[in-house]
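To start, the structure itself, in structure tokens.
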Amino acid sequence: MADNVPEKEADRTVSQKNDPESSQDKGSMESANTNNTEVVFNKNVSILTNKPLHHLDKGKIKAFAAVGRNKLSNDLFAMMCDKSMTPRRTASIKYSKVTNSSLVKLVGSGKVYWPPEKSEKFFFIFENTLGKPIISRNEKYPASNWRAEDVMVNIAYPIISVLKNMRDKDLVHSQIWPGNMFYNGMAGAEKISLGECLTVPSASLLPTLYEPIERALANPESRGPGSFADDMYSFGVSLAVILRTSDPMAGMSDEKIIEHKIEKGSYATLLGKERLSGAMLELLRGLLYDDPEQRWTLEDLESWMDGRRLSPKQSPKRVKATRPIIFGGKKYTRPELLAKDAHKHVDEMARLVETGELSQWIDRAIEDKLIKVRLEQVMKDISSYDRTDGYNARLTAAISVALYTECPVYYRSLKFLPAGFGKAFTSAYVQKKEMQDYIDVLRYTFIMPSIRMRKNTGATSQPARFDNARSFINQTTLSSGLERCLYFLDPECPCLSPILENFYVQTPEELLPALDSICENSRPRILFDRHIVSFLSVKDRRNVDPYMRDLTSSEPYRRMLGQIRTLATIQKRSRLDKFQSLAGWIADNLEEVYARFHDAKKRDSIKSHINKIQKTGDLTQIAYIFDDPKLFQGDVGSFYQAMQEYQKLEIEKNQIEDLLKNKKNYGQHSGQQVASVISMILSFVIMVLAAYFIIIKG
Amino acid sequence: MTSKKSKSKKQVKFKDVIFVISSLVTMLVFFPTTIVIFIGMLPTLVAYIVDRSIEKNKTFTIGALNFAGCFPYLLTLWTKDNSIDGAVNIIQSPKAIIVMYTLAGIGYIINWAVTIMVSSLMVQKAQMRLKRIENEKNFLEDRWGEEVNGKYDLDHHGFPIQKEENMEA
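Note that the protein sequences, when read in sequence, are chains A and B. Numbered according to our numbering, the first sequence spans residues 1 to 698. Numbered according to our numbering, the second sequence spans residues 1 to 169.
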């Protein structure tokens, strides 16, 4: 337990000194200095609640003007995050280390009390060096017709330098599109700056056009963290739409565009018959390869910038069937498109599988051995599925992956990449959406083929993650279930307990001040619910799990002791302040614990001791009282002694009562004994006197 | 075994015979004394017959004072005229008989009065003890809870099992 303490403390200290993440801690502590229009963040930033910056809004993520003090810039803006879209807090540490005038600079991040909503909100504070976006955010698929030279100088070069810096810090941007590119007011009016990428989960607000095919097929919040190759693709699409004179796919839906990309490739879909200069053509072809392994890397880009001509790579052709298969009234010749649409008619897909029609099509019309092997493997897996409700949907999800390994998992309303499941799960939960489909995904094993067959990185750790999540969802204890899966699958998710509705708790250390604040204003019935227990168990397993049996016990006194010990451990380990209100709540809710003492005297003594301690707010001392193993054992031992004493008294009482039943004779024997003694003494006296008078006196 | 039992029976009988013979001899040797004691100690004999207790405390009480009543006349007999006539004279004297029997009566009164007195004291003492026991039990129940009376089925922590089930429910 103690091993973890110095490490965590050290981490906190480094964080505070070196990067804007430090403000996360301070911000939460010092957010009280507010007036009607200003919210003070980290002592040196004032967020102006009455000055929203709508041009920087990102859907639910609202932007506000902010003013810096001391060494900070006067012109800042604050982005207020939403719980349904967990911000990339861990990425923000790397982001803050990227120094590039073409990337909006992060000044700080952390939670702060937000008076308009009377709750804590998580904010990112950036330097406001951004002008207007180069295209309106409503115009997602533009055809801007910029000159190639302007694009190169003002967009390509600055963004390539940003991408290089980000690669050096191992950070994927995942929000590269013209709506997130801004005219730069600082480094030159023409050059653009790239907007931030931290306030929402990766790619969740990126328009579908800018995502590679596999990611575009998934729901936006379910795309997962993405890769550098995905950033390169987004960059390529951005350049293409800025350069092109017309949109060949104008008026078409996202789905049609994706289908076109699958059929014709991204380059052809985006640019059609657009005429581009040789260098630009080469750049866009390189960036828009649909196969991520063929796509240009930053090294390729650097070579291209140095003027070296790169030999064009041959893009592997997608498999096409010699004859189509009829599915859902449509003819399909490409397995990818069939995989994409399979979930729309799950009963029909089940029929195709069970009649062998699909296998025949793969065998005779596709003639791709890899697909055939995958399909056979999936068919074997399917035979072990429960034929319960949703069987056809599960079967279809597995079949889709066999047909197209990189496609998302399609299950009823869900379209997700395995790495993006956690964020999607959180988003659905916060928005109070129907969770049954998510629970099915976790409960059944049909997702496993999708993870195993996928080429993308990270696939190796995913099976274990889903296996663990399955065990959690199938358990009913307080520390498992859906809540545990939330925090396990999305480590950046704040605690979503209804108790903490108005708080933004991201770490166990932040939980204590929040609970203290709650106890200051009210006396809640419970402090630890399923969310808080699961949250703590995931975030601070080593320190919390020793008390998990108590926390999840059915006996209220054990639950209470578990809570006290858990809170005290966090307070002690993190050397947190004293929490008087929380200690007061504990003192007021110890009746169940007191009831476990047989000895009323000891109970009263402990009660008065705790009443004294609660004023100090030291939870460790309260826990220390109950940690003494002799306390309860001694009480039980003394209780059994008292029981024996009681039994002895009872026996004595019965004996006396039995004797007294015959009151007439009670004591007669003793009385006669006393009488005989008196009589003997008296007779002796008489005899001595008689002897005296008769013998001596004559 | 049987031979041993018969031996012990024979021994007891022999002892009794020796005792009876020696008593008769003694009585014959001290015959005047025997006459005075036999007549003077008649109340004790009656008390012995009436007293059914094993310890014969009542007999001792009456007998001791009865003997004290006889003792001055026995001394007179032994110091003056230790003969059958002397003994007959004594037992024919109403005064001597009154003295002997009065002291026996006093012995009876002492037995009666002291027994009542002691018995009553002991009843009171027992009742006080009962009160104290009740107080001690109440104290134990107040301090340790009702379950200290041992009338409940307890779990290994000493709490009533029924109560625990209710808590869980």
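We put the CB at the ideal spot given by N, CA and C, even for glycine. Note that this is a predicted model, so its numbers are computed, not measured.
Where residue i and residue j are concerned, what is the direct C-alpha to C-alpha distance, given to the nearest angstrom?
i, j, result
"residue 615 of chain A", "residue 576 of chain A", "16 Å"
"residue 515 of chain A", "residue 131 of chain A", "42 Å"
"residue 156 of chain B", "residue 636 of chain A", "9 Å"
"residue 156 of chain A", "residue 239 of chain A", "8 Å"
"residue 504 of chain A", "residue 93 of chain A", "19 Å"
"residue 629 of chain A", "residue 79 of chain A", "51 Å"
"residue 649 of chain A", "residue 133 of chain B", "6 Å"
"residue 47 of chain A", "residue 585 of chain A", "34 Å"
"residue 161 of chain B", "residue 484 of chain A", "33 Å"
"residue 188 of chain A", "residue 205 of chain A", "Any reading at residue 188 of chain A is ruled out, since the residue's pLDDT is 48, under 50, leaving its predicted position unreliable."
"residue 700 of chain A", "residue 66 of chain A", "In the structure as shown, chain A begins at 1 and stops at 698. Residue 700 of chain A is therefore absent and cannot be evaluated."
"residue 150 of chain B", "residue 142 of chain B", "14 Å"
"residue 13 of chain B", "residue 49 of chain B", "23 Å"
"residue 498 of chain A", "residue 479 of chain A", "16 Å"
"residue 401 of chain A", "residue 625 of chain A", "58 Å"
According to DSSP, simplified to helix, strand and coil, what is residue i?
i, result
"residue 62 of chain A", "strand"
"residue 392 of chain A", "helix"
"residue 505 of chain A", "coil"
"residue 49 of chain A", "strand"
"residue 113 of chain A", "strand"
"residue 193 of chain A", "strand"
"residue 106 of chain A", "strand"
"residue 709 of chain A", "Outside the displayed range of chain A (1 to 698) lies residue 709 of chain A, so it cannot be described from this structure."
"residue 249 of chain A", "coil"
"residue 617 of chain A", "coil"
"residue 702 of chain A", "Absent from the structure is residue 702 of chain A, since the part of chain A shown begins at 1 and ends at 698."
"residue 41 of chain A", "strand"
"residue 274 of chain A", "coil"
"residue 652 of chain A", "helix"
"residue 517 of chain A", "helix"
"residue 70 of chain B", "helix"
"residue 431 of chain A", "coil"
"residue 486 of chain A", "helix"
"residue 384 of chain A", "coil"
"residue 263 of chain A", "helix"
To which residues does DSSP link residue i through a beta bridge?
i, result
"residue 410 of chain A", "A/415"
"residue 667 of chain A", "For residue 667 of chain A, which the question treats as bridged, DSSP gives no partner whatsoever."
"residue 183 of chain A", "A/192"
"residue 330 of chain A", "A/327"
"residue 125 of chain A", "A/78 and A/108"
"residue 160 of chain B", "B/154"
"residue 632 of chain A", "According to DSSP, which records beta bridges pairwise, residue 632 of chain A is partnered with nothing at all."
"residue 85 of chain A", "A/82"
"residue 119 of chain A", "A/114"
If contacts are defined as beta-carbon pairs under 8 Å, then residue i and residue j qualify, I think. What distance do you get, rounded to the angstrom?
i, j, result
"residue 126 of chain A", "residue 104 of chain A", "5 Å"
"residue 495 of chain A", "residue 582 of chain A", "The pair is not a contact, with the Cβ atoms about 16 Å apart (cut-off 8 Å)."
"residue 163 of chain A", "residue 283 of chain A", "About 13 Å; that fails the 8 Å criterion."
"residue 171 of chain A", "residue 95 of chain A", "6 Å"
"residue 217 of chain A", "residue 344 of chain A", "Between residue 344 of chain A and residue 217 of chain A the Cβ distance is about 13 Å, and since that is not below 8 Å, they are no contact."
"residue 235 of chain A", "residue 176 of chain A", "5 Å"
"residue 86 of chain A", "residue 64 of chain A", "Actually they do not touch by this definition, with Cβ atoms about 20 Å apart."
"residue 559 of chain A", "residue 545 of chain A", "Wrong, their Cβ atoms sit about 15 Å apart, outside the cutoff."
"residue 221 of chain A", "residue 469 of chain A", "No, residue 221 of chain A and residue 469 of chain A are not in contact; Cβ-Cβ is about 18 Å, not under 8 Å."
"residue 262 of chain A", "residue 337 of chain A", "6 Å"
"residue 215 of chain A", "residue 226 of chain A", "7 Å"
"residue 405 of chain A", "residue 349 of chain A", "Not really, about 17 Å apart at Cβ, beyond 8 Å."
"residue 482 of chain A", "residue 473 of chain A", "7 Å"
"residue 613 of chain A", "residue 622 of chain A", "6 Å"
"residue 570 of chain A", "residue 509 of chain A", "7 Å"
>> Using a Cβ-Cβ cutoff of 7 Å, what residues of the region 122 to 151 of chain B are near chain A? List them in chain order.
In response: Listed by position along the chain: 122, 123, 126, 129, 130, 133, 136, 137, 140, 142, 143, 144, 145, 148, 149 and 150.
> Which of the residues in the region 641 to 659 of chain A, read from start to end, lie with their CB under 8 Å from any CB of chain B?
Replying inline: For the region 641 to 659 of chain A, which is checked against every Cβ of chain B, the residues closer than 8 Å are 642, 643, 645, 646, 647, 649, 650, 652, 653, 656, 657 and 659.
> Name the residues in the region 661 to 681 of chain A whose C-beta lies less than 7 Å from a C-beta of chain B; which are they?
Replying inline: Cβ contacts with chain B come from 663, 666, 667, 668, 670, 671, 672, 673, 674, 675, 676, 678, 679 and 680.
> When you check each C-beta in the region 84 to 118 of chain B against every C-beta of chain A, which residues fall closer than 9 Å?
Replying inline: Going along the region 84 to 118 of chain B in chain order, one finds 103, 106, 107, 110, 111, 112, 113, 114, 115, 116, 117 and 118 with a Cβ nearer than 9 Å to chain A.
>> Using a Cβ-Cβ cutoff of 7 Å, what residues of the region 57 to 69 of chain B are near chain A? List them in chain order.
In response: Against chain A - using a Cβ distance shorter than 7 Å - the residues of the region 57 to 69 of chain B are 57, 58, 60, 61, 64, 65, 67 and 68.
> Relative to chain B, which residues along the region 569 to 602 of chain A have a C-beta separation below 7 Å, given in chain order?
Replying inline: Along the region 569 to 602 of chain A, going in chain order, the ones with a CB nearer than 7 Å to a CB of chain B are 598, 599, 600 and 601.
>> Using a Cβ-Cβ cutoff of 7 Å, what residues of the region 629 to 640 of chain A are near chain B? List them in chain order.
In response: Those residues of the region 629 to 640 of chain A that come within reach of chain B (Cβ to Cβ, closer than 7 Å) are 636, 639 and 640.
> For the region 336 to 358 of chain A, which residues have a beta carbon sitting closer than 8 Å to at least one beta carbon of chain B?
Replying inline: Going along the region 336 to 358 of chain A in chain order, one finds no residue with a Cβ nearer than 8 Å to chain B.
> Using Cβ-Cβ distances below 9 Å, what residues of the region 551 to 562 of chain A are close to chain B?
Replying inline: Close to chain B, meaning a Cβ-Cβ distance shorter than 9 Å, are the following residues of the region 551 to 562 of chain A: 554, 555, 556 and 557.
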